[in-house]
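This report refers to the structure that appears directly beneath it.
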């Protein structure tokens, strides 16, 4: 029997600490899906050197998740709105362990890619259902603060997972896949999540509110574009750094430093969430990312590349929290799963397209960062113009959600 979006338990309390930790860990599964194996890509390419088109297929092992999520996230969003968040999360967790861990036993590059497809299904479910649950349980400035904390947690996770992936990749290209098995430890926490859909109740006497699809589509487009720009780092960064004579361990540390900087930015921004126009902050973040990628493009050596990565991380830490906050303001409660699913599709379609749209000839990987800089600058300018043309869109009226006292 389906659970309508208008049937939460009355008087729902704010999420307790365990629920917040669960939501943070679920969000970390998304960045873990790619960051874990990014430093191992060159070694994987060497292992499958005799496979036709190995260079492209190995990059797709990182980015194929994007096209899978782009296609299937709407399905998971519909399921989350109809049957509840927890069943989708439990099924997705099982797929995550199965698909992620399959790289330990895969005997061909095709088998590796099949496991990555299963992992993509898992990420589509966890990202969509968990994102809808965040919008269910938080509102207003409190939502903005948690989204910033979530972004910081993701970035800290990347700062740990990328170097750890580099250390494991030095052991062998299969070793990083062991980290996916740790996701199974989340099962007890998922069983504690609220049943049903704890969103705001809909008053039958009030006409159902329709999503603002024009503005929502713009958020989707900007998220897709930013993901194309952002994914230069894990998709082409390892090859650029190898050309500059960085070993896998150093590659992981350098890529991780960018996500660490993004984490610090998100954490600092969480103190000010809700005080500024989300579009303006996202636009400023885009401009800073553009400056970072331009420096990477022109870098003569590893030191300058590291500076560019840090600058890009500084800007990146405020982009997604503000795009998500803007999207949440535009989303009626009954549509949270499906609208969040659209965001997941946009983000991971951008991830899939990144090495195709910003591809650069082997030995000239830095050229992709020049194109990424121009794209980020254009999106930043658009966001700043939008922020100057009007005030931030008001949040749709929802039933009151108790805040922390």
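Residue numbers (full-length UniProt numbering): 1 to 405.
Even for Gly, the Cβ is constructed at its ideal location relative to N, Cα and C.
7 Å Cβ shell around residue 326 - same chain, five flanking residues per side excluded: Mapped onto the chain shown, residue 326 falls at position 326. Closer than 7 Å at the Cβ level, and outside the excluded window around residue 326, lie 219, 278 and 279.
Unbroken alpha helix (DSSP H) run spanning residue 353, endpoints: What you label residue 353 is simply residue 353 of the chain shown in a count that begins at 1. Residues 336 to 357.
Residue interval of the alpha helix (DSSP H) (run including residue 87): Residue 87 sits at position 87 when you count from the first residue of the chain shown. From DSSP, the alpha helix (DSSP H) with residue 87 extends over 85 to 101.
Close-in-space but distant-in-sequence residues of the same chain around residue 44 (CB under 6 Å, 5 per side omitted): Against the chain shown, residue 44 aligns to sequence position 44. Closer than 6 Å at the Cβ level, and outside the excluded window around residue 44, lie 58 and 173.
Cβ distance (whole Å) where residue 124 is taken to contact residue 64 below 8 Å: Here residue 124 corresponds to residue number 124 of the chain shown, with the count starting at 1. Here residue 64 corresponds to residue number 64 of the chain shown, with the count starting at 1. The distance from the Cβ of residue 124 to that of residue 64 is about 13 Å, inconsistent with a contact at the 8 Å cut-off.
Burial state of residue 289 (16 or more Cβ within 10 Å): The residue given as residue 289 occupies position 289 in the chain shown. Answer is buried; the Cβ neighbour count reaches 16.
Reference residue 350; option with closest CA among 260, 385, 259 and 231: By one-based count along the chain shown, residue 350 stands at place 350. Of 260, 385, 259 and 231, the residue nearest in Cα terms is 231.
Three CB pairs or more closer than 8 Å across the segment 11 to 30 and the segment 188 to 195: With a cut-off of 8 Å, the segment 188 to 195 and the segment 11 to 30 count as touching, because enough Cβ pairs lie within range.
C-beta atoms of residue 106 and residue 112 nearer than 8 Å: Walking along the chain shown from the start, residue 106 turns up at place 106. Walking along the chain shown from the start, residue 112 turns up at place 112. Taking 8 Å as the Cβ cut-off, residue 106 and residue 112 qualify as a contacting pair.
Beta-carbon proximity of residue 209 to residue 27, cut-off 8 Å: Reading the chain shown from its first residue, position 209 is the one you call residue 209. Reading the chain shown from its first residue, position 27 is the one you call residue 27. No, the Cβ-Cβ distance between residue 209 and residue 27 is not below 8 Å.
Integer-rounded CB distance, given that residue 319 should sit under 8 Å from residue 285: On the chain shown, position 285 is the one that residue 285 refers to. On the chain shown, position 319 is the one that residue 319 refers to. Contact flag correct, Cβ pair sits at about 4 Å.
Residue 19 - containing alpha helix (DSSP H), residue span: Translated into the one-based positions of the chain shown, residue 19 becomes position 19. From DSSP, the alpha helix (DSSP H) with residue 19 extends over 17 to 35.
Assumed close pair residue 352, residue 31 - CB separation to whole angstroms, cut-off 8 Å: Position 352 of the chain shown, counted from the start, is the residue given in the question as residue 352. Position 31 of the chain shown, counted from the start, is the residue given in the question as residue 31. Not really, about 16 Å apart at Cβ, beyond 8 Å.
Beta-carbon proximity list for residue 385, same chain, < 7 Å, skipping 5 on both sides: Reading the chain shown from its first residue, position 385 is the one you call residue 385. Cβ neighbours of residue 385 beyond the five flanking positions: none.
Exposure label - residue 339; buried when at least 16 CB within 10 Å: Position 339 of the chain shown, counted from the start, is the residue given in the question as residue 339. It counts as buried.
Residue 245 in three-state terms, based on DSSP: As a working note, residue 245 is residue 245 in the chain shown. It is coil, neither helix nor strand.
Residue nearest to residue 93 in terms of C-alpha spacing, selected from 119, 262 and 83: As a position in the chain shown, residue 93 is number 93, starting the count at 1. Out of 119, 262 and 83, 119 has the C-alpha closest to the C-alpha of residue 93.
Per-residue DSSP class, three states only, for residue 194: Stepping through the chain shown from its first residue, residue 194 is reached at position 194. Residue 194 falls in the coil class under three-state DSSP.
Distance CB(residue 321)-CB(residue 269) smaller than 8 Å: As a first step, residue 321 is located in the chain shown; it is residue number 321 there, counting from the start. As a first step, residue 269 is located in the chain shown; it is residue number 269 there, counting from the start. For residue 321 and residue 269, yes; Cβs fall inside 8 Å.
Classification of residue 55 by the beta-carbon crowding that lies within 10 angstroms, buried from 16 upward: Translated into the one-based positions of the chain shown, residue 55 becomes position 55. Exposed is the call here.
Ordered list of beta strand (DSSP E) runs contained in the segment 302 to 334, each at least 3 residues: Unbroken beta strand (DSSP E) stretches of 3 residues or longer found wholly inside the segment 302 to 334: none.
Of the residues 238, 259 and 258, the one placed nearest residue 251, counting alpha carbons only: Position 251 of the chain shown, counted from the start, is the residue given in the question as residue 251. Looking at the Cα atoms, 238 is the closest of the given residues.
Cβ contact (3+ pairs, closer than 8 Å) linking the segment 125 to 144 and the segment 158 to 170: no
Whole-number beta carbon distance between residue 62 and residue 176, since they are thought to touch under 8 Å: Position 176 of the chain shown, counted from the first residue, corresponds to residue 176. Position 62 of the chain shown, counted from the first residue, corresponds to residue 62. In fact, because the Cβ distance is near 11 Å, the residues do not count as touching under 8 Å.
7 Å Cβ shell around residue 169 - same chain, five flanking residues per side excluded: For this step, residue 169 is matched to residue 169 along the chain shown. 39, 40, 43, 175, 176 and 248, listed in sequence order.
Residue 43 CB to nearest heavy atom of the ligand SAM below 7 Å: Questions concerning the ligand SAM fall outside what the structure shown contains, since it holds no ligand whatsoever.
N- and C-terminal bounds of the alpha helix (DSSP H) containing residue 223: As a working mapping, residue 223 is identified with position 223 in the chain shown. It spans 213 to 230 - the alpha helix (DSSP H) in which residue 223 sits, taken as one unbroken run.
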